[in-house]
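Have a look at the structure below before the remarks.
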Amino acid sequence: MALKEDRSNQNPSKLDSDFTNEEDLKTFSQALKCDTDVPSPTSDDSEFGISLSRVPTITSQSDWKPIYNRTPGRHRHNRLTPNIQERTRGKRSFNDESSWSYSLLHYPLLFITLTWLTILCLIYALVRFSIHISETFIIMKDRKRSALLKRLETAGSYDEYVQIAKQLDVYLGFDDWCHEDKYRYYDWKTLRRLVGRLRMLRNKKMYKELMLVLQGCVKTNFAGIENPIMYAHCYFGTKDLIEEYISEVVQSIDAIIRTDTLSNNHKHIFFKIISRNYGKTALALSGGASFCYNHFGVIKALLENDLLPQIISGTSGGGAIAGLVGTRTNEELLKLLVPGLADKIDLLSSEPMSVWLKRWWKTGAKYDAVKWARSAQWWTMGSTTFKESHERTGKMLNISTVPHDIHSPTILCNEITSPNCCIWSSILASAAVPGILQPVVLMQKSKDGNIVPFSFGNKWRDGSMRTDIPLEALNTYYNVTFSIVSQVNPHVMLWIFKNRGDVGKPIIRKRGKTFRGGFIPSYLENLIKLEIIKWLKLIHEFQLLPNLAESDWSNIFLQRFDGSVTLFPKIEIWDYLYILTDPTKERLTKIISNGEHVAYPKLLFTKNRLLIERAIARGRNLTRRKDRPASPERLGHDEEMKYQQKMEEETLQGIQDDDGGQDDNEDDASIYSNDVDSFYGDAVQDQDYGYKNGFLGIQTSPSVIGSDAESADFDMEEKDRDKEQNKKNI
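Numbering of the sequence shown is given in UniProt numbering, commencing with residue 1 and proceeding in unit increments.
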């Protein structure tokens with residue numbers, strides 16, 4: 001324990017800090033070698049005194065060459081023992097489940113399909129090359145534009161980038177587009193009308209009506225303002241109307257926070273509702289071997305402009321970067337993201353060929369898991385768990401892992417699903433690519449501070465095999481509705497093409513052009529790409545591809561690799577020569593700069609999104625009650641409908657009072673009713689219960705846009721009966 005206390009005093013922002021825990025590494029090594037048929041201790045065993053056997057896993061000499069036990073029996077029933085059936089469960093057997101035609105034709109069909117895919121890829125490369133040539137020719141004809149673009153690519157800071165980008169927009173005439181409200185890809189009429197209404201309600205201090213309007217419009221991609229094409233028409237900027245709307249929403253939220261005419265209880269319910277409607281923003285870092293170090297530049301650009309989200313996800317190599325980000329504060333990270341960081345990067349350190357080739361022949365993996373674990377402990381400040389990381393930094397770290405068994409579901413490790421799991425073990429599991437690293441055991445920290453196998457000692461492997469960008473899981477756990485994806489997978493980078501331009505990267509075109517390279521080349525590019533995806537789906541659906549290394553490789557091209565904002569760091573052809581090597585200080589300097597310049601065009605889009613999101617979070621934090629318990633779950637849907645109806649009718653009555661000349665200094669009627677604290681007999685329960693009404697979306701349009709005040713008559717006797725009945729129910 002003394003050793004652990006000394007390690008906790010290390011400075012996380014210094015490169016020379018040492019967080020290695022040899023005891024944990026020894027335990028991890030034993031867990032990797034442990035016989036799967038022997039029960040292993042878990043945290044549940046020590047706590048409840050229950051002995052649970054580990055789930056048997058595949059054991060083999062190599063992932064690439066499984067070993068089958070020899071059985072001496074000559075009888076038919078002895079030719080394949082149950083033990084061998086269990087050991088070969090990752091290998092498909094079509095004798096019982098497939099017809100003779102499948103067994104006869106599936107390999108010829110696979111050969112024909114792969115041949116056709118090769119031809120399609122060659123045609124696709126020719127189309128992409130023709131588009132590149134046409135764009136290069138257009139730039140070369142305009143020397144001033146070419147010079148400005150070169151300055152833009154080599155900008156020393158974000159401020160310099162913005163200045164040059166504005167010059168480009170003025171020179172090319174793109175700034176005129178920003179000043180005109182009309183555009184077909186967003187609802188400019190609704191937005192213009194809404195900006196005026198928000199400003200009017202805020203200036204007249206009609207906070208009750210203002211809250212109702214905000215509840216209807218503060219949503220993800222409302223009126224199409226988060227459509228990436230709205231930021232792809234110029235090098236910097238979007239429609240002035242969108243900027244005006246975002247500014248007005250933030251000012252309206254701040255006005256509600258500052259006002260004293262509404263109670264904190266009512267304001268907190270309101271902020272919970274619009275927080276659920278608007279959702280959260282997450283940063284997702286893809287895998288990609290040594291290409292993942294480009295994430296450093298992306299993170300640095302976000303940090304320097306205070307735009308780094310609190311929710312961070314990483315897979316494979318991106319998981320190691322995410323582990324570094326999730327365990328350090330923003331101030332500590334800025335001190336680490338320097339060229340000297342190359343001295344601490346030894347995950348892909350080269351070994352003599354005689355060493356790693358011998359290991360690969362014996363184990364099927366080029367790298368040693370224990371050595372990687374020792375290196376990964378610096379990235380995660382020792383055996384820090386997901387829960388400890390969240391408590392220290394406030395960030396929600398997520399790392400995607402895949403079970404060794406191809407039929408088991410994936411798991412997104414975080415402080416919710418695996419709070420006591422050691423982050424470094426999940427990083428290794430997420431990076432366990434077949435042939436690179438053997439599947440590893442996840443480790444968790446017990447109450448006494450020692451680590452034990454997690455999930456009964458099952459083994460896990462590379463998360464990129466199935467979920468490189470786990471957007472669905474992030475939405476489930478954190479209500480993520482907006483994602484910033486840094487994508488560097490080598491098999492994905494080859495197919496990236498935005499035919500209408502990208503955020504901050506308008507089309508290199510002449511007047512009247514709306515597609516890169518023209519309509520026909522852009523059409524052919526999309527057509528061929530969809531044709532390739534179709535044949536890949538057929539291979540996956542009919543299981544034509546064999547399971548190499550006990551893994552299903554057919555899904556590797558069929559995942560979702562993009563997000564709301566997707567960053568594709570520039571990868572040169574010669575970069576593939578260093579795909580499995582760690583960078584030097586000189587190369588890391590260029591890599592960080594590359595990541596920064598890729599992030600610059602996307603920062604305005606990200607900033608506009610986070611302005612509203614952080615204003616909502618600020619309102620929730622300032623109005624939160626410290627003694628607030630969990631929401632009551634005993635009330636049914638009928639009671640919720642009655643409660644929402646009461647809120648709407650009382651709101652309409654309040655509107656009638658306002659029209660009759662209500663004094664601005666008088667307390668406004670809450671949009672959730674005047675007697676919300678007594679409606680169910682418990683003020684604290686009502687506070688959270690209002691959020692559930694907003695979550696269910698029980699909201700009629702008249703309450704947002706206004707309606708006839710005479711429809712607000714309310715039967716007081718019925719209200720009293722409802723109150724007494726609900727008190728009995730509670």
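Using N, Cα and C, we set each Cβ at its ideal position, and we do this for glycine too.
If you're wondering where the values come from, they're calculated on a predicted model, not measured in any experiment.
Cut-off 8 Å between Cβ atoms - residues of its own chain near residue i, not counting five sequence neighbours on either side
| i | result |
| --- | --- |
| Phe296 | Ile321, Leu337, Leu341, Leu588, Ile591, Ile592, Gly595 |
| Tyr144 | Tyr is not the amino acid found at residue 144; the sequence shown has Lys there. Around Lys144: Tyr171. |
| Leu152 | Tyr161, Ile164, Ala165, Leu168, Tyr235 |
| His491 | Ile556, Phe557 |
Length of the line joining the Cα atoms of residue i and residue j
| i | j | result |
| --- | --- | --- |
| His597 | Lys33 | 45 Å |
| Pro601 | Thr113 | 39 Å |
| Arg620 | His268 | 6 Å |
| Ala155 | Ala165 | 10 Å |
| Lys537 | Ile508 | 33 Å |
| Val127 | Ala147 | 27 Å |
| His106 | Thr115 | 14 Å |
| Ile469 | Arg560 | 7 Å |
| Trp379 | Asn479 | 27 Å |
| Leu527 | Ile539 | 19 Å |
| Pro582 | Trp424 | The residue you asked about is not Pro; residue 582 is Asp in the sequence shown. Straight-line Cα distance between these residues: approximately 18 Å. |
| Thr385 | Gly279 | 26 Å |
| Leu580 | Leu348 | 6 Å |
| Asp306 | Ile612 | 14 Å |
Cβ shell of residue i (< 7 Å), same chain only, five flanking positions each side left out
| i | result |
| --- | --- |
| Cys234 | Asp169, Phe174, Asp175, Trp177, Cys178, Pro506 |
| Leu25 | Val370, Ala373, Arg374 |
| Asn330 | Leu303, Leu308 |
| Ala223 | Tyr186, Asp187, Thr190, Leu191 |
Local conformation of residue i per DSSP, three classes
| i | result |
| --- | --- |
| Pro228 | helix |
| Ile451 | strand |
| Gln543 | coil |
| Met353 | helix |
| Ile423 | helix |
| residue 734 | What is shown of the chain runs 1 to 730, which leaves residue 734 out entirely. |
| Met206 | coil |
| Ala301 | helix |
| Met381 | coil |
| Phe519 | helix |
| residue 795 | A question about residue 795 goes unanswered here, because the residues of the chain that appear run from 1 up to 730. |
| Asp502 | strand |
| Trp460 | strand |
| Ser486 | strand |
| Cys234 | coil |
| Ile364 | The sequence given here has Gly at residue 364, not Ile. Looking at Gly364 - three-state DSSP - the assignment turns out to be coil, as it is neither helix nor strand. |
| Lys280 | strand |
| Val338 | coil |
| Gly314 | strand |
| Leu262 | coil |
| Leu120 | helix |
| Leu558 | coil |
Cut-off 6 Å between Cβ atoms - residues of its own chain near residue i, not counting five sequence neighbours on either side
| i | result |
| --- | --- |
| Pro228 | Val503 |
| Ile399 | Gly314, Gly319, Cys413, Ser426, Ser430 |
| Pro569 | Asn294, Val488, Asn594, Gly595, Val598 |
| Leu285 | His295, Gly314, Gly318, Ile321, Ala322, Ser486 |
| Leu471 | Ser483 |
| Thr238 | Met230, Tyr231 |
| Asp664 | Per-residue confidence for Asp664 stands at a pLDDT of 38, beneath the threshold of 50, marking its modelled position as unreliable; no derived number is given. |
Bridge-paired residues (DSSP) for residue i
| i | result |
| --- | --- |
| Met443 | Pro453 |
| Pro403 | Trp460 |
| Cys413 | Ile399 |
| Thr566 | Val485 |
With 16 other Cβ atoms within 10 Å as the buried cut-off, status of residue i
| i | result |
| --- | --- |
| Val355 | exposed |
| Tyr477 | buried |
| Asp343 | exposed |
| Ser389 | buried |
| Met353 | exposed |
| Met140 | exposed |
| Thr566 | buried |
| Trp460 | buried |
| Asn203 | exposed |
| Asn11 | exposed |
| Gly49 | Legend: pLDDT at Gly49 = 37, less than 50; position of this residue unreliable, no value from coordinates given. |
| Asp562 | buried |
| Gln30 | exposed |
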